[in-house]
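Report on the structure given below.
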Amino acid sequence: MKFKVHLEKDEDGMWVATVPSLPGCISQGRTPAEARKNVREAIALHLSALAEDGIPIRRPRRGVIETVVAVKA
38 MKFKVHLEKD EDGMWVATVP SLPGCISQGR TPAEARKNVR EAIALHLSAL AEDGIPIRRP
98 RRGVIETVVA VKA
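Here the sequence shown is numbered in our numbering, starting from 38 and rising by one per residue.
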């Protein structure tokens with residue numbers, strides 16, 4: 038299974054990886070590569086916990102468009 042992962046640098050300089058189709062599945066790393074590596078393990082653990090609890094695994098969504106929008110505050 039393939040999952041879309043969002044990587045975002047936080048205020049402490051760490052790269053935070055979240056998985057939109059798996060709410061609560063989050064990891065981080067000092068570099069984007071480390072965050073991607075760590076989130077693979079987090080996804081595997083998350084899926085295992087869902088299976089153990091009998092919770093169905095949501096398939097990743099298709100047809101999602103991502104964009105960045107600038108707003109003056």
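C-beta atoms are modelled at their ideal positions from N, C-alpha and C, and glycine is treated no differently.
- Shortest Cα-Cα distance from Pro97 to any of Glu89, Leu84 and Lys109 involves Leu84.
- Secondary-structure assignment with DSSP links Ala54 through a beta bridge to Leu44 and Ser64.
- Closest in alpha carbon position to Leu44, among Met38, Ser58, Thr68 and Leu59, is Thr68.
- Between Ala88 and Gly66, the alpha-carbon positions lie close to 26 Å from each other.
- Around the Cβ of Val108, a 10 Å sphere holds fewer than 16 other Cβ atoms; the residue is exposed.
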